[in-house]
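Presented below is the structure to which this report refers.
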């Protein structure tokens, strides 16, 4: 069945709400409005206002309430409108959700799922275009996921809800309209990265909104006779370094594509891991394509120039291969 | 112009500082069978408190936050809770925790830097001490909502201080509980000091209880050194919460007779004469005088209680001091339900550099 990334997310939400009475969704505008990215459209009518809960405008408050509801025996799905607003709730995520198991000597479990839109490319201005997945991937105690395909949009929620620890799911804002065939087996292993395209000459690692760009770059490179493997990291914490290293051992070259800013980025972490684990497999220094280290501009052309784009990825691969 | 809403805040007090009844008392307040266990819990808290400070001063405990002078609040509220309710304490509410069944040796472990101390043997529904200020108000609101959604007649009880009531978390949690009609009791232990910042510099409001009004929550101020008043108000608030899922904010007015923590020296910023004056309002004497007035208490019983509390505390201290400190591996133990492979490698790496036998007392290095 063909569907959009948004529809796949909604299908997963509906299934979770149907299958488990402990599951409820809360966030700003998730009810009558259907979510600011229309993911929860129709769910209020189906499940009622107690389980599709519009919250007051207070990220700190409702993320904290989500932590409490998880401790109280529910399986809350908290939608933070975007990663930009999650900064207001960082204390609850970093100091409470991620730490309570530790701080309680194992007594408390926080089975909380936090969903949030991330990323730039929609001309929303510097304060609404952040890619801060790496901030969350830095924190022990939480799992961080980035569905980049329709199948993963469908498949990641159930295992995230089954996880006894907090899970943060990043939905890239440019992916909501992505359409694809939903495969029969859309179930997702939220511990593993996924190889999305085979190719022998270099490995391109990407996640979230950069995956379609990496696949497009691979397509263009193939037309020029260069075959690259594309690996979707998909799990940003804990990183699946085995899949990454196996790919590097096959291709001996690595390019990391990351919408985050270069300094202290996930790309930096991945390259460090690659160097640590398979330095002697490398035929060239690893390369990365990140966002320019500037506030993401509002003007369309500038925004495009600031972000990783297909030509930049193509050029990085060709430079690495010296072709 | 017309007035569209009008509000007031009640102040509740049954016993004067000498323990004399100011008017008719609630039934429980004339029943020694109910009052004596609460007096005992207050006495045990104070005994524990003094011992914990002594342990910290001799390098056997980490930083400790004393509840000296505030015992009636934790005991009065927690004694009104049912086992299935959930407590969300700040770090100064061991009075409430002891009533809830948290063991003294568990509390000592916690203050000694051993997270196993918060894995309570008995108070399984309760939260660990919340060190960040006010964040637990949101947790408690969420838990209360969970109880409601699950159709359980349970309540969440959250403690914070006067300083905490200035936090956004406090307002947001309060607001949630109100619009969601969640069975929540918020207790502000107003001990007049947020470390060195006095109540007057904390908020311009006449009471902290009135902060509830803006959220549509009932707010009441109570003499926090009057166990009878605290327990009475908490009982009513919890009955209301369980029956209809309505939150209440109780401001319990008290005074921090000790330092903020053992890392603080309050004499640098407050007048010892004022502190001395506050001793005449402290809660144990007040309740003891009332019990004596009821003919239920005397020097023999007081002496026996002192002996019993000292023995209980000493036994707990011994158990604490005989607990081997947590190992390096324990750092990784409760990070996730199942440790991811990458962290297994980090743990093994960390263990390589760990002496086989861990030495020293937990918390001994703290200030």
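Protein chains in written order, with my numbering: chain A, 890 to 1212; chain B, 63 to 429.
We put the CB at the ideal spot given by N, CA and C, even for glycine.
- Message: When you measure from the CB of residue 202 (chain B) to every non-hydrogen atom of the ligand NAP, does any distance come out below 7 angstroms?
- Response: Of ligands this structure carries none, so the ligand NAP is not represented either.
message = In whole angstroms, give me the CA-to-CA distance for residue 88 (chain B) and residue 199 (chain B).
response = 30 angstroms
Please decide whether residue 151 (chain B) counts as near chain A, where near means a Cβ-Cβ distance under 8 angstroms. no
Rounded Cβ spacing between residue 961 (chain A) and residue 209 (chain B) (contact assumed at less than 8 angstroms): Confirmed, about 6 angstroms.
Query - residue 219 (chain B) at chain A interface by Cβ criterion, 8 angstroms - result: no
Exercise for review: Just the C-alpha distance for residue 424 (chain B) and residue 195 (chain B), rounded to the nearest angstrom, thanks.
Suggested key: Unreliable positioning characterises residue 424 (chain B) in this predicted model, as indicated by a pLDDT of 44, which lies under 50. The coordinate reading is nonetheless provided below. A direct Cα-to-Cα measurement between residue 424 (chain B) and residue 195 (chain B) gives close to 24 angstroms.
- Query: Does the count of Cβ pairs from the region 67–85 of chain B and the region 269–288 of chain B closer than 8 angstroms reach three?
  - Reply: yes
Positions along the region 968–1001 of chain A whose CB lies within less than 8 angstroms of some CB in chain B = 980, 981, 984, 985, 989, 990, 991, 992, 993, 994, 995, 996, 997, 998
### Query
Between residue 212 (chain B) and chain A, is there a C-beta pair that is closer than 8 angstroms?
Yes, because at least one Cβ of chain A sits closer than 8 angstroms to the Cβ of residue 212 (chain B).
Touching by the beta-carbon criterion (3+ pairs, under 8 angstroms), the region 239–258 of chain B and the region 303–312 of chain B
Under the three-pair Cβ rule at 8 angstroms, the region 239–258 of chain B counts as touching the region 303–312 of chain B.
Could you list which residues in chain A have their beta carbon closer than 8 angstroms to that of residue 202 (chain B), in chain order?
-> 957
Going by DSSP, what residues sit across from residue 893 (chain A) in a beta bridge? A:1068
Would you kindly work out how many angstroms separate the C-alpha atoms of residue 1007 (chain A) and residue 144 (chain B), rounded to a whole number?
-> 43 angstroms
- Test: residue 207 (chain B) CB closer than 8 angstroms to a CB of chain A: yes
For the beta strand (DSSP E) containing residue 313 (chain B), name the first residue and the last one.
310–315
- Message: Quick check on DSSP: helix, strand or coil for residue 955 (chain A)?
- Response: DSSP, reduced to helix, strand and coil, places residue 955 (chain A) within a helical segment of the structure shown.
Query - residue 924 (chain A): contacting residues in chain B (beta-carbon distance under 8 angstroms) - result: Scanning chain B for C-beta atoms nearer than 8 angstroms to the C-beta of residue 924 (chain A) yields nothing, as the closest lies near 20 angstroms away.
Q.
Can you check whether the C-beta of residue 1026 (chain A) is within less than 8 angstroms of a C-beta belonging to chain B?
A. no
Just the Cα atoms here: how many angstroms apart are residue 372 (chain B) and residue 227 (chain B)? 35 angstroms
At a Cβ threshold of 8 angstroms, is residue 319 (chain B) touching chain A? no
Worksheet item: Considering only residues of the same chain and omitting the five flanking positions on each side of residue 1160 (chain A), which have a CB-CB separation below 8 angstroms?
Response: 1143, 1145, 1175, 1177
### Identity of the residues DSSP links to residue 393 (chain B) by a beta bridge
For residue 393 (chain B), which the question treats as bridged, DSSP gives no partner whatsoever.
**Prompt:** Helix, strand or coil: which one does DSSP assign to residue 252 (chain B)?
**Reply:** strand
Of all Cβ atoms in chain A, is any one closer than 8 angstroms to the Cβ of residue 147 (chain B)? no
Examine chain B for any beta-carbon lying closer than 8 angstroms to the beta-carbon of residue 947 (chain A), and answer yes or no.
-> yes
Quick check: what's the CA-CA separation for residue 264 (chain B) versus residue 232 (chain B)?
14 angstroms
Please report whether the beta-carbon of residue 311 (chain B) lies at a distance below 8 angstroms from any beta-carbon of chain A. no
For residue 1194 (chain A), three-class secondary structure by DSSP: helix
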